Amino acid sequence: MSIRPWRDIVRRQSRQIMVGNVPVGGDAPVTVQTMTNTPTSDPVATINQIRRCEEAGADIIRVSCPDTDSTAALAKITKAARVPIVADIHFHYKRALEAADAGAACLRINPGNIGSSERVAEVVRAAKANGCAIRIGVNAGSLEKDLLEKYGEPCPEALVESALDHIKLLQDHDFHEYKVAVKASDVFLAVAAYQGLAEATDCPLHLGITEAGGLIGGTVKSSIGIGSLLWFGIGDTIRVSLSAEPEEEVRVGFEILKALGIRNRGVRVVSCPSCARQGFDVIRTVQVLEERLQHIRTPMSLSVLGCVVNGPGEARETDIGVTGGGNGKHMVYLSGLTDHTVEDADMVEHIVKLVEAKAAELDAADVAKAAIAAE
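Residue numbers for the sequence shown, in our numbering: 847 to 1221.
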């Protein structure tokens, strides 16, 4: 029996596919994706952006391939990338063929707008020959005319029917290495569509709230929509769509997973909103610490509280904690216990060093455990 059953998430059982060397679905970790916004025809700019996304923790990265210049550059991009690359294809089936040959790990298409059955068959043959997966991308903003006429507007049933129609096109060609998304900018519509699709198929699902907005608004909408679905146990890979740099999408994606306890990467910061009781500038301190600690990949927790009202309690639950005190002296907690004080001027540098040391300690312990298990 679970100690805290109210935290348990029962994950939907899906088939597992491979996107390059990354498993998606089944019992694999929920992966975080993003998409480049540089011209894919410029491989240097695109690879540089991919590097930043990789450093932020992206598991899979998508690039748009609207023309032959893009697919011509794709081979260089896929060779340079450290994570699998998804080629985003719309309408032009030949771009899918070129992308598969150029090393794409996955093709993002709608089989229904690729063209005739023979063209779909060609794309499937290319995918099979190159070991590509396929992501079916259904979007409320581009539903087929017949479904709009049938349902009158984009609705959950229309999105699910569109997805099932596309799935059938692939299954008719004996292709099963696919994942599906049914995205909408309306949170209610997207969540309901994913719930319906989760009941109708066992394939892996790619979650997203499309055209979600800017960094703040888009983060809120995505957190509500993606977070709700993950809480229901639905979802195998996610992309947070923001009008912001792609590495920000990655960071928000991991924050959603961390908040639900699904996957941890880097430092989880617990901090107060600050008030007149604060012993130091909490808001500025947290901003600086989050920026300075982005390089930490080891899962760990840090509490930053302005005063002693909730500070000691929160610190007991985190690896490292700091609580504001009087006269510019603040209490530092290690593994939940009071340990020493730190002066205002030294606090940020001191906390950064403590976090780095703790991360090294945890990493060493993991290495030792792995060595023992291998014996």
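Even for Gly, the Cβ is constructed at its ideal location relative to N, Cα and C. Fair warning: this is a prediction, and the values are worked out from it, not measured in the lab.
Just tell me which of Lys1199, Ala1220, Gln1140 has its CA closest to the CA of Arg898.
Gln1140
Which two residues bound the contiguous beta strand (DSSP E) that contains Asn985?
Counting along the chain, Asn985 sits inside the beta strand (DSSP E) bounded by residues 979-985.
Are the beta-carbon atoms of His1019 and Val966 separated by less than 8 Å?
yes
Where do the ends of the alpha helix (DSSP H) carrying Ala1066 lie?
Looking at the sequence itself, residue 1066 is Val, so the reference to Ala does not match. Taken as a continuous stretch (DSSP letters only), the alpha helix (DSSP H) holding Val1066 covers 1061-1077.
Evaluate contact between the region 889-909 and the region 1102-1110, counting only Cβ atoms and requiring at least three cross-stretch pairs below 8 Å.
no
Among Ser988, Glu944, Glu990, which one has its Cα closest to the Cα of Arg971?
Glu944
Pick out whichever of Tyr1040, Ser910, Gly1060, Ala1039 has its Cα sitting closest to the Cα of Phe937.
Ser910
Within a Cβ cutoff of 7 Å, which residues of the same chain sit near Ala1009, ignoring the five residues on either side of it in sequence?
Ile982, Val984, Val1026, Val1028, Leu1043
Going by Cα to Cα distance, which pick from Gly1081, Glu1091, Ile923 is closest to Gly1059?
Glu1091
By Cβ distance, which residues of its chain are closer than 7 Å to Lys1067, with the 5 residues on each side in sequence left out?
Val1033, Ile1055, Ala1058, Gly1059
Any idea if Arg928 is buried or exposed, counting beta-carbon neighbours within 10 angstroms, 16 or more meaning buried?
exposed
How big is the Cα-Cα spacing for Ile960 and Ala933?
Taking the straight line joining both Cα atoms gives about 14 Å.
Residues in its own chain within less than 8 Å of Arg941 by CB, not counting five upstream and five downstream?
Cys911, Pro912, Asp913, Thr914, Ser916, Thr917, Ala933, Ile935
Considering only DSSP beta bridges, list what Glu1189 is partnered with.
Lys1175
Can you grab the Cα-Cα spacing for the pair Leu920 / Leu953, in whole Å?
12 Å
Using a Cβ-Cβ cut-off of 6 Å (strictly less than) and excluding sequence neighbours within five positions of Ser1117, which residues of its own chain qualify?
Val1132, Val1150
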